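Mapped onto my numbering, the consecutive letters of the sequence shown carry residue numbers 647 to 816.
Report on the following structure.
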Amino acid sequence: MISRFTEVLNKVQDIRATLAALGTPRPDAPRTFAADLARAMGAVEVPPFDRIIRAAAARHGLDPALVHAVVRAESGYTPEADSSAGAQGLMQLMPGTARSLGVTDPYDPVQNVFAGTGYLRAQIDRFQDVELALAAYNAGPAAVSKHGRVPPYRETHAYVRRVLSYWLGE
């Protein structure tokens with residue numbers, strides 16, 4: 647009985663440490679261990695990695711729903727995702743891009759989402775248009791600059807439509 651209690655106590659401490667590592671919720675959201683545990687156990691539907699995405703979106707001045715849409719389109723919320731082109735993690739960062747953004751572990755959700763969100767912000771600032779920024783995120787900023795619009799790549803057009811659909815709930 648005592649060993650089972652110790653096991654449960656250790657699990658609770660692990661959950662607390664994990665939740666603490668994810669940071670604090672929005673200032674207007676009440677935070678209690680019971681509420682965090684209920685969310686972690688699925689009692690309240692919260693999108694995967696919501697705290698990380700909200701924190702990264704706030705840091706970079708983006709709508710969290712847009713970042714969720716990119717994560718959903720890029721990896722389906724799979725932190726260990728790899729693409730055939732070599733992109734890695736939740737936001738599917740290319741290794742060179744990840745390194746240039748200071749990412750040491752592209753499969754770490756916190757590093758990946760913060761770097762990917764910063765990169766998305768940079769594309770929005772550069773192109774002054776969300777559709778062009780999404781195209782740059784997918785096909786590269788050089789392709790968008792070269793064409794002066796969403797590049798004529800079927801995959802990129804589908805990607806932009808998919809992200810916008812997820813973002814706008816269409």
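Beta carbons: idealized from backbone N, C-alpha and C, even for Gly.
Nothing here was measured: the structure is a model prediction, and the numbers come from that model.
- Two segments are said to touch when three or more pairs of C-beta atoms, one from each, lie closer than 8 Å; by this definition the region 740-757 does not touch the region 797-806.
- Residue nearest to P755 within the set L739, A788 and V806 is L739 (criterion: CA-CA distance).
- In this structure, V806 lies near A781, with their beta-carbon atoms less than 8 Å apart.
- For the pair G786 and N758, the CB atoms are not nearer than the 8 Å cut-off.
- Residue burial is scored here from C-beta neighbours: S811 has fewer than 16 other C-beta atoms within 10 angstroms and is therefore classed as exposed.
- Look at Q774 here: in three-state DSSP terms it is coil, with no helix or strand label.
- The alpha-carbon of R700 is positioned some 32 Å away from that of E653.
- Rounded to whole angstroms, the gap between the alpha carbons of L708 and K657 is 34 Å.
- Within the region 681-756, the alpha helix (DSSP H) runs of at least 4 residues that lie entirely inside it are, in chain order, 696-706, 710-721 and 741-746.
- Linking A715 to R650 through their CA atoms gives a straight-line distance of about 41 Å.
- When secondary structure is reduced to three states using DSSP, R650 falls in the helix class.
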